[in-house]
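Remarks on the structure that follows.
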Amino acid sequence: MLKTKRKNTEVDAGSPKKKKVQFNESKDDHKENKSFKTKKNAGKVNQENGSSKFNKKPKKDFKNNKYDPKSKTGNKENKVGFKTKSNFAQNKGKLGKAPNAKGKPNFAKDKFSKAQEQGEKPVWSEMKKEKKNLRLIRRKAKATAEIFEISHKAKLLSAQIQRKVVKQEFRMKACKELHCMLKGQYKSIALTHDLSRVIQVLLKHSPEDIKNEITEELLDIMVQMMQSKYAQHAVKRIMKYGTDFIRHEVIKKLFGHIVSLATHNISAPVLDYAYGEFATKKEKLHMQQEFYGDLYKNSKDDKIKTLSDAYKDTPEMKVAILQACKANIQKILDKNLHDSELFQTVLYNYICECTAEDKAELISTLSPLIVPLSNSLPGVNVASICVWQGTNKDKKTIMKVVKEHVVSLSKHKTVYRLLITIFDAVDDTVLVKKAIVSTLASNLKDVAKDHWGKMVLHWLVKPKDPQAFHPSFIKFLEDGAKSGSSKKDADLRVSELREAILPVLKQDMEADADFWLSSKTNFLLTIAVLSIETSKAILESLAKVICQSNWVINLDGKEVLAIEDAGIHMCLKKLAALDKDKTEGTLGEVMCEHLNDEAFNVWIPTNRGCFFLLKLIENNEEKIANKLIKKIKAHSSLIKQQTSEGAKLLLQKIQKK
Numbered sequence: 001m002l003k004t005k006r007k008n009t010e011v012d013a014g015s016p017k018k019k020k021v022q023f024n025e026s027k028d029d030h031k032e033n034k035s036f037k038t039k040k041n042a043g044k045v046n047q048e049n050g051s052s053k054f055n056k057k058p059k060k061d062f063k064n065n066k067y068d069p070k071s072k073t074g075n076k077e078n079k080v081g082f083k084t085k086s087n088f089a090q091n092k093g094k095l096g097k098a099p100n101a102k103g104k105p106n107f108a109k110d111k112f113s114k115a116q117e118q119g120e121k122p123v124w125s126e127m128k129k130e131k132k133n134l135r136l137i138r139r140k141a142k143a144t145a146e147i148f149e150i151s152h153k154a155k156l157l158s159a160q161i162q163r164k165v166v167k168q169e170f171r172m173k174a175c176k177e178l179h180c181m182l183k184g185q186y187k188s189i190a191l192t193h194d195l196s197r198v199i200q201v202l203l204k205h206s207p208e209d210i211k212n213e214i215t216e217e218l219l220d221i222m223v224q225m226m227q228s229k230y231a232q233h234a235v236k237r238i239m240k241y242g243t244d245f246i247r248h249e250v251i252k253k254l255f256g257h258i259v260s261l262a263t264h265n266i267s268a269p270v271l272d273y274a275y276g277e278f279a280t281k282k283e284k285l286h287m288q289q290e291f292y293g294d295l296y297k298n299s300k301d302d303k304i305k306t307l308s309d310a311y312k313d314t315p316e317m318k319v320a321i322l323q324a325c326k327a328n329i330q331k332i333l334d335k336n337l338h339d340s341e342l343f344q345t346v347l348y349n350y351i352c353e354c355t356a357e358d359k360a361e362l363i364s365t366l367s368p369l370i371v372p373l374s375n376s377l378p379g380v381n382v383a384s385i386c387v388w389q390g391t392n393k394d395k396k397t398i399m400k401v402v403k404e405h406v407v408s409l410s411k412h413k414t415v416y417r418l419l420i421t422i423f424d425a426v427d428d429t430v431l432v433k434k435a436i437v438s439t440l441a442s443n444l445k446d447v448a449k450d451h452w453g454k455m456v457l458h459w460l461v462k463p464k465d466p467q468a469f470h471p472s473f474i475k476f477l478e479d480g481a482k483s484g485s486s487k488k489d490a491d492l493r494v495s496e497l498r499e500a501i502l503p504v505l506k507q508d509m510e511a512d513a514d515f516w517l518s519s520k521t522n523f524l525l526t527i528a529v530l531s532i533e534t535s536k537a538i539l540e541s542l543a544k545v546i547c548q549s550n551w552v553i554n555l556d557g558k559e560v561l562a563i564e565d566a567g568i569h570m571c572l573k574k575l576a577a578l579d580k581d582k583t584e585g586t587l588g589e590v591m592c593e594h595l596n597d598e599a600f601n602v603w604i605p606t607n608r609g610c611f612f613l614l615k616l617i618e619n620n621e622e623k624i625a626n627k628l629i630k631k632i633k634a635h636s637s638l639i640k641q642q643t644s645e646g647a648k649l650l651l652q653k654i655q656k657k
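Residue numbers (UniProt numbering): 1 to 657.
This is the structure in structure tokens:
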């Protein structure tokens, strides 16, 4: 697209606030002239002098050229310092042809100016052809004729290869032809902005043998490619579409340059992609070792798995290794490249081993970066340490940062752990409720639809519930809390946070019981709420859904009868078990009112349905149990027809009464 340049402007004597374009001898002037014509109500354009009549102008004394205060016009040359049109027109003929920036005449401008002088409209198609030819001439002058021809053909072929409508046979043939054309020259073209794209096309669409040959030729300049604005994409293509052998050969070439690549703005994301997606466990350890000092640049030790292993046998080296690691970490923090799993792993190893002074300084630096720092498991472990061992000022900074992204953080696969750590360790529950819990309560359904969001809600209702949380995670939080600065009683903190979320959950469960019984994780949260504080209104809503003969759930895109699903069946038994220590307001009591013949006809033919009925009878007091048995006995003939273990046990139970 042509860029419009307005070099010569003058102030219209009739209106001091408006400028009028004086057409100069430029290839873009016709664009200005055309834009005037296309505007609505723009008026007529005088093509001879380029003036346009958009508005009526105040009167002016042209003869005396004096300033008239009433008309607010006058001699603009004297007032503003710009030349009038008449003076410019007089000098126009003396200027001659306008040279370009290098002092060479511009033939495209000359042709346009001649057409303008003759009152003819320039032919746009011819102008574009001329400009394209001039561009090709300049490019030929910069490169040799052979490279220019290859470049032109290569780009045409790559464009054909990328077309979706092209047949696979033609694509393979074109890839081979293109590879033969560029073979031996990949190193020289890999860092260019146009031909690097051609290499990317080959790496995506060509067969494996061609990919191997291209990669072998580029291996020696792999580090430079990762730091190149254009070639870095080719490295990603090699990683994505190459074989495992190719990927690991590329990673080997990066050893010795890991720290420099991790501190480079362009190469850092590519290195993290290779580390996170394709590096083996051994290669990851070797990458981490380079942060421990220059000693590990050229030599790697398979025995060193953490930072402490580096000085385990030589304790006198501890200070030097920690200082080297700290310097490398600081380089990355200075460049804001902390959003990397490799860096976060090294950071976690360092913060576990550094001195108390260095740890306090590091926590103060990391507190504002807590959100991007938590996007990996080692990173969220570092964030948890910041919460446990940070000062009150650090904790307030963390809360301020987290407050802006509560809903999205609660649904992230690792950052949800940070929120749970805050619930478990921060003593200022008023601030926590205001910054986090209130936002979760106002977006309850949105959070509850996500698996990780439900984990956050579950912790608020029933912390350390072994039915929902892994024992290793619970132990991690307990060990961290011991090393932290929290002084508040844990039970008091839990009850204060719970009172901000429990009423909202109970209200929603009563209003939309179908949602809270739609999956195993939803059901577990429902059981957690009822185990803390039960409500007959909620049990009524749940029983209505459970007793429906057509109660189904979506499992992997298929509708399954809920009573026969293993996860729902387990939750139903847990829900029935809550009746064991109650005398009033039990699930069994409510189920007696809602169980009907349709529900029995669906449940009894299933093994799990019979076991659920048996569980209801066993966990309720005798009065309610007798009511249930009386209802079930009416369908004893159907039970006798079944051969399942649950049907046999249920039949024995009702025959005893």
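For each residue, glycine too, the CB sits at the ideal point set by N, CA and C.
From a predicted model like this one, the values you see are computed outputs, not experimental measurements.
Going by other Cβ atoms of all chains shown within 10 Å of its Cβ, with 16 needed for buried, is residue i buried or exposed?
i, result
"P503", "exposed"
"S519", "buried"
"residue 693", "Within the shown structure, residues of the chain are numbered from 1 to 657, placing residue 693 beyond reach of any answer."
"K454", "buried"
"R493", "buried"
"S376", "buried"
"A159", "exposed"
"V166", "exposed"
"D424", "buried"
"Q652", "exposed"
"I370", "buried"
"K173", "exposed"
"residue 662", "Given that the chain is displayed from residue 1 to residue 657, the structure contains no residue 662 and the question cannot be resolved."
"G557", "exposed"
"residue 735", "As shown, the chain starts at 1 and ends at 657. That puts residue 735 outside it, with no answer to give."
"N392", "exposed"
"P315", "exposed"
"C180", "exposed"
"F170", "exposed"
"N100", "Only weak support is given to the placement of N100: the predicted model assigns it a pLDDT of 48, under 50, and the value that follows is read from those uncertain coordinates. So N100 ends up on the exposed side."
"I137", "exposed"
"F245", "exposed"
"T243", "exposed"
"N596", "exposed"
Per DSSP, residue i forms a beta bridge with which residues?
i, result
"V560", "I553"
At which residues does the alpha helix (DSSP H) containing residue i begin and terminate?
i, result
"T345", "E341 to E353"
"P503", "A490 to A511"
"L572", "A566 to A577"
"I629", "E622 to K633"
"residue 658", "As displayed, the chain neither begins before 1 nor continues past 657, which places residue 658 out of reach and without an answer."
"L444", "L444 to A448"
"I422", "Y416 to A425"
"M239", "Q232 to Y241"
"Q330", "K318 to D334"
"I221", "Per DSSP, I221 belongs to no alpha helix (DSSP H) and is neither H nor E."
"F245", "D244 to L254"
Out of the options, which has the shortest C-alpha to C-alpha gap to residue i?
i, options, result
"S374", "S340, A537 and K393", "S340"
"S151", "S196, K128 and K129", "S196"
"S521", "L457, A490 and H594", "The question names Ser, but residue 521 in the sequence shown is Thr. Nearest option by C-alpha distance: L457."
"S637", "N626, A625, K627 and L650", "L650"
"K211", "H193, R247, T192 and A231", "R247"
"T429", "K488, I304 and K475", "K488"
"I189", "H286, E126 and K155", "K155"
"K536", "E316, E353, L261 and K506", "K506"
"L555", "Y186, G567, C547 and K400", "G567"
"S206", "Q168, D491 and Y350", "Q168"
"L203", "Q224, K434, V223 and I161", "I161"
"T306", "V319, V437, M317 and Y292", "Y292"
"W459", "A513, L409, L525 and V415", "L525"
"E208", "I221, Y241, K183 and E564", "Y241"
Does the beta carbon of residue i fall short of 7 Å from some heavy atom of the ligand ADP?
i, result
"A268", "Because no ligand of any kind appears in the structure shown, any question about the ligand ADP cannot be addressed here."
Against chain D, does residue i count as a neighbour if the rule is that its beta carbon must be under 8 Å from one of theirs?
i, result
"S495", "Considering every chain present, this structure includes no chain D. It has just one protein chain."
(message) Check whether the region 430–450 and the region 480–490 touch, using three or more Cβ-Cβ pairs below 8 Å as the test.
(response) No, because fewer than three Cβ pairs between the region 430–450 and the region 480–490 fall closer than 8 Å, the two stretches do not touch.
(request) Evaluate contact between the region 617–625 and the region 601–608, counting only Cβ atoms and requiring at least three cross-stretch pairs below 8 Å. (result) Contact fails between the region 617–625 and the region 601–608, because fewer than three Cβ pairs, one in each stretch, are under 8 Å apart.
(message) Across the region 271–288 and the region 234–247, are there enough close Cβ pairs to call them in contact, namely three or more that are closer than 8 Å?
(response) Yes, since at least three Cβ pairs between the region 271–288 and the region 234–247 fall closer than 8 Å, the two stretches touch.
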